[in-house]
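For reference, the structure discussed in these notes is given below.
Residue numbers (our numbering): 1 to 150.
What follows is the structure, encoded as structure tokens:
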């Protein structure tokens, strides 16, 4: 028979191991997700994890140490008609390529375009959140599988 003290030790051990694995997996997934977002370019970013446990509660913090984007992005610009801002005259712009060295174009949800040498804050936060939810779901699937086998 297990005493309450034994059960509490088992709970603490489970919480520590699950939290450690979720934190580690979140960092790995975030790094991978960022690299997929930047393809074919690369980034020197890293994601570190910190966690602490107090009783039956745990707190995980993932910190993004964002690095500079390396590589080029080439965009094909279509031919178009533009209006000169001062004179108002229309003129045509021929199709051409535009190369961004060490920078990437990011489109925000509001339609604005950012040209940056690093991943924007809002995207880094989303990358971390999605990675955390995937890591947590992965642990939940593990426990569902163990429960079904028992």
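Each residue gets a CB set at the ideal place from its N, CA and C atoms; glycine is no exception.
For residue 29, the first and last residue of its enclosing beta strand (DSSP E): It is not in any beta strand (DSSP E) - residue 29 instead sits in the alpha helix (DSSP H) that spans 4–38.
Integer Cβ distance of residue 27 from residue 48, believed to fall under 8 angstroms: Confirmed, Cβ separation roughly 7 angstroms.
Whether residue 97 touches residue 110 by CB criterion (8 angstroms): In this structure, residue 110 does not lie closer than 8 angstroms to residue 97 by Cβ.
Chain D contact for residue 130 (CB, 8 angstroms cutoff): You won't find chain D in this structure, because it holds only one protein chain.
Three-state class that DSSP yields for residue 56 in the structure shown: Residue 56: coil per DSSP, three-state reduction.
Which listed residue (44, 59, 84) has its alpha carbon closest to that of residue 71: Shortest Cα-Cα distance from residue 71 to any of 44, 59, 84 involves 44.
Under the three-state DSSP convention, the category residue 1 falls into: Annotated three-state conformation of residue 1 is coil, per DSSP.
Contact belief for residue 68 with residue 121 at Cβ below 8 angstroms, rounded distance in angstroms: Not confirmed; about 15 angstroms, so no contact.
Three-state class that DSSP yields for residue 121 in the structure shown: If DSSP states are grouped into helix, strand and coil, residue 121 belongs with the helices.
Span separating the alpha-carbon of residue 126 from that of residue 99: In this structure, the alpha-carbon of residue 126 lies about 27 angstroms from that of residue 99.
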